[in-house]
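Here the structure is laid out as structure tokens; the discussion comes afterwards.
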């Protein structure tokens, strides 16, 4: 769980100041959290505004705006991508914590390192394997908007690229002796 202003060192049970590298790592993770929040809020606002304007125009004048149906094809993937980035930055992904709950802190740290390596490998594999789809989407165009669908598929690069960086940062935190996500800690949405 990320806390603003948490400068205590992970080593020594919070005694002393946090190392500058860990502070930078937390700051970068926080920046990804904020980028996901901004993307999510902007997509929700734009989709809601387009839908509202379309409904008002349709009921007031008998016809709406044609592109209001297509804008969701671009913004919904970005909405999901923003949510993935926020969840990843906060360590709030869906998880089963049975094994971490049963083992001690030292073994839990080793498990956290293995999990972050596995997550990093998976997201990089998804990025690599999605390249043909993204390249093909450069030639597909939304009929009403005239926008290439690559802009919607680019959300894959944003989401999985950010998740790769966040996993690498969590790996650094784990190697430095910090537990980036404590499965026993209560979750906060702030």
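In this note's numbering, the protein residues as written are 7 to 196.
Every residue gets a Cβ at the ideal spot worked out from N, C-alpha and C, and that includes glycine.
Whether residue 91 touches residue 164 by CB criterion (9 Å): The answer is yes: Cβ separation under 9 Å.
Limits of the alpha helix (DSSP H) - the one that residue 46 falls within: Taken as a continuous stretch (DSSP letters only), the alpha helix (DSSP H) holding residue 46 covers 26-67.
Close Cβ partners of residue 151 (< 6 Å) along its chain, the five nearest in sequence each way excluded: Apart from sequence neighbours up to five positions away, the residues of its chain that approach residue 151 with a beta-carbon distance below 6 Å are 73, 76, ordered along the chain.
Residues sharing a beta bridge with residue 147, DSSP: Residue 147 is bridged by DSSP to 154.
The stretch 154-172 in contact with the stretch 30-48 per 3-pair CB rule at 8 Å: Cβ pair count under 8 Å is three or more, so yes.
Selected residue, minimal CA-CA separation from residue 139, among 126, 161, 120, 123: That would be 161, whose Cα lies nearest to the Cα of residue 139.
Top-ranked residue by Cα proximity to residue 154, from 124, 80, 184, 116: Measuring from the Cα of residue 154, the nearest candidate turns out to be 80.
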